[in-house]
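Numbering (the working numbering), first residue to last: 324 to 1053.
Every residue, glycine too, gets a C-beta built ideally from N, C-alpha and C.
Please read these numbers as outputs of a predicted model, since none were measured by experiment.
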């Protein structure tokens, strides 16, 4: 390892392969490559990426940004950057979302207006000081008491003019003081050199920063923004990178372009789904309702500018009623009563052939209403909506409104324009969402961005370099294709280097848990039998991941055991049960937790020091094959013929399974068992189950460790393994 890398490496020794990884990444960054880096859980991936990035950034004059979508990883970045700082004096800034740092509970638009007013207030106060100084000086320079002389009259006239100007400014200042941000004001007028020195003498958490700012009546978000320009390393979450508006602000704070930054994405297998959420568009039902009400309320204003007011009212009212009629007609008997606060998809478009029934019927209704040139009408609505939005902003800014109102006409019109423009685009899929809120049904229409390349393609083409790291990044070509990465890629992969004798991976040969046979009594009995044996024979905590929450709940009630049993419930925080589960494992005792693959416990949680000893994956655990997922599959099939299933369904599912398997064996001295409970995982499954087998979907080095075990032999496999590691039970 070169001396430039050693300057940043804080540990006394490297993990196996870590030095090679750092050297390879360092060279790839200097060559401006995108690096795809897969490393097994617990093998030092973060330092392997951070150290060469910081060294290269120092050499090239760049800034390093590391982003994650997992809170636990943010804490790890904090700890490891603090270790690096103890060896090399780097400046580290940790950025969380505005809502976590801003002392006011305001939305972004309101804060934007308050920010404008605050700076205007500061400017006006300076004008007052200047005017008062000029008036004082004028009075000192007056020649004498004779106010009737021509020169004195001119002086009095100028003095009165400045007094009138001063009165106007003071009036504006009083208005602004009622509508500004005192926390930002305190930051803007203060000398914050003491803050800068304090902030960068260590690595400060957002909580540290909030406390410092609160004690001084300041905004911590504004404070950290002002320090970003000095940072060598910025720690943030995915949203700061994948939301172009936020990213643009961030780049402005550091006074850099994308070609000046090296971005590390942690848990990079999640980039696609995160980018999809940013790329997709949603329009709530209430926006449509307020849109036509807004047009009606501002009818006179619209007519003066020759807008087609009646047609606008008709269009948005028609779209709103059509939305309500559609979701109400799709509900089956009793389904309304079963709705919860969680959004439920309501299909309006065939996911394969893109027959958009909703849009087709809407256009028919628009034509029946006599509306022509719909595209032109929507452009007019966007224009009127923008005018009204600016008007609402000024009303709030000047104290004539109690809150910052947003134009729902603008929001609805922009959505309608995008919807019509992309109606034939296979990348976008329309779907309705429905939920119950305050006893009433609430709907919205969503345009799902099936392949979010409009976000990822320009990002990865513009960065100086980027590292995509994860324990489950393979297959690399799928990652590159799904993110639309077109530039040169460096592929780096290191498997688990911990002692092989410390781990056991078995595939249990039971019938595949297809959706059609999961309720088969014989299969339920086999799974229950296997779980009872596993729980009984494991020495330490057991994690069981099912294909769905429903199955986790069912089997929790079927097992027979006297150890604590926990359930990771949908819609509730898992933190409390996770902490109790950890404490039991760390104390050398045993508990079992039942969860599901697409829940919160499969990744971003460190089951170190005995927190997890055995992990069981029950079934393959494909994502719910609903119309939304079928649309994503269809979009990939359209882009990559013959690979739609692999890109949209198979690869993400195997990554989830591999993430779950990585919850045990977190260090060279750790030991554990990974159990795959489904015949499709076995080494013989390609022959036995052919296209349904998933064995070959695993990387080669992981396939080599899988051992087929018959159901009745599972307990003996576990007993032998734990006897070899821990010794026989007394």
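Residues of its chain near residue i, where Cβ-Cβ distance is below 7 Å and the 5 sequence neighbours each way are ignored
{"i": "residue 893", "result": "872"}
{"i": "residue 1031", "result": "830, 832, 1005, 1006, 1007"}
{"i": "residue 956", "result": "967, 968, 971, 972"}
{"i": "residue 533", "result": "424, 543"}
DSSP state of residue i mapped onto helix, strand, coil
{"i": "residue 509", "result": "helix"}
{"i": "residue 382", "result": "helix"}
{"i": "residue 1027", "result": "coil"}
{"i": "residue 390", "result": "strand"}
{"i": "residue 830", "result": "strand"}
{"i": "residue 667", "result": "strand"}
{"i": "residue 787", "result": "coil"}
{"i": "residue 991", "result": "coil"}
{"i": "residue 760", "result": "strand"}
{"i": "residue 420", "result": "coil"}
{"i": "residue 875", "result": "helix"}
{"i": "residue 530", "result": "helix"}
{"i": "residue 568", "result": "helix"}
{"i": "residue 734", "result": "helix"}
{"i": "residue 363", "result": "coil"}
{"i": "residue 375", "result": "helix"}
{"i": "residue 338", "result": "coil"}
{"i": "residue 869", "result": "strand"}
{"i": "residue 937", "result": "strand"}
{"i": "residue 813", "result": "strand"}
{"i": "residue 606", "result": "strand"}
{"i": "residue 975", "result": "helix"}
Contact under 8 Å by Cβ, residue i with residue j
{"i": "residue 507", "j": "residue 542", "result": "yes"}
{"i": "residue 447", "j": "residue 499", "result": "yes"}
{"i": "residue 790", "j": "residue 360", "result": "yes"}
{"i": "residue 585", "j": "residue 380", "result": "yes"}
{"i": "residue 362", "j": "residue 351", "result": "no"}
{"i": "residue 358", "j": "residue 813", "result": "yes"}
{"i": "residue 1002", "j": "residue 835", "result": "yes"}
{"i": "residue 963", "j": "residue 934", "result": "no"}
{"i": "residue 762", "j": "residue 646", "result": "no"}
{"i": "residue 432", "j": "residue 726", "result": "no"}
{"i": "residue 692", "j": "residue 637", "result": "yes"}
{"i": "residue 338", "j": "residue 820", "result": "yes"}
{"i": "residue 978", "j": "residue 865", "result": "no"}
{"i": "residue 1054", "j": "residue 1037", "result": "In the structure displayed, the chain extends from 324 to 1053; residue 1054 sits before or after that span and is not available."}
{"i": "residue 974", "j": "residue 870", "result": "no"}
is_contact[residue i, chain C] using C-beta, thresh 8 Å
{"i": "residue 933", "result": "Of the protein chains in this structure there is only one, and it is not chain C."}
Same chain, Cβ closer than 6 Å to residue i, neighbours up to 5 away in sequence not counted
{"i": "residue 670", "result": "950"}
{"i": "residue 994", "result": "825, 1048"}
Outcome for residue i when other beta-carbon atoms lying within 10 angstroms are tallied against a minimum of 16
{"i": "residue 348", "result": "buried"}
{"i": "residue 898", "result": "exposed"}
{"i": "residue 409", "result": "exposed"}
{"i": "residue 881", "result": "exposed"}
{"i": "residue 793", "result": "buried"}
{"i": "residue 712", "result": "buried"}
{"i": "residue 674", "result": "buried"}
{"i": "residue 656", "result": "exposed"}
{"i": "residue 648", "result": "exposed"}
{"i": "residue 757", "result": "buried"}
{"i": "residue 695", "result": "exposed"}
{"i": "residue 786", "result": "buried"}
Length of the line joining the Cα atoms of residue i and residue j
{"i": "residue 851", "j": "residue 863", "result": "19 Å"}
{"i": "residue 398", "j": "residue 699", "result": "51 Å"}
{"i": "residue 405", "j": "residue 555", "result": "13 Å"}
{"i": "residue 579", "j": "residue 781", "result": "16 Å"}
{"i": "residue 642", "j": "residue 709", "result": "20 Å"}
{"i": "residue 768", "j": "residue 799", "result": "34 Å"}
{"i": "residue 668", "j": "residue 753", "result": "10 Å"}
{"i": "residue 622", "j": "residue 745", "result": "30 Å"}
{"i": "residue 773", "j": "residue 954", "result": "7 Å"}
{"i": "residue 999", "j": "residue 387", "result": "39 Å"}
{"i": "residue 342", "j": "residue 371", "result": "8 Å"}
{"i": "residue 364", "j": "residue 356", "result": "24 Å"}
{"i": "residue 563", "j": "residue 724", "result": "31 Å"}
{"i": "residue 525", "j": "residue 561", "result": "24 Å"}
Neighbourhood of residue i by C-beta, 8 Å cutoff - its chain only, sequence neighbours within 5 removed
{"i": "residue 1026", "result": "1006, 1018, 1019"}
{"i": "residue 925", "result": "868, 918, 979, 982, 983, 986"}
Near the ligand ATP: residue i beta-carbon under 7 Å from a heavy atom
{"i": "residue 981", "result": "By its list of ligands, the structure shown contains no ligand whatsoever, and the ligand ATP lies outside what it can speak to."}
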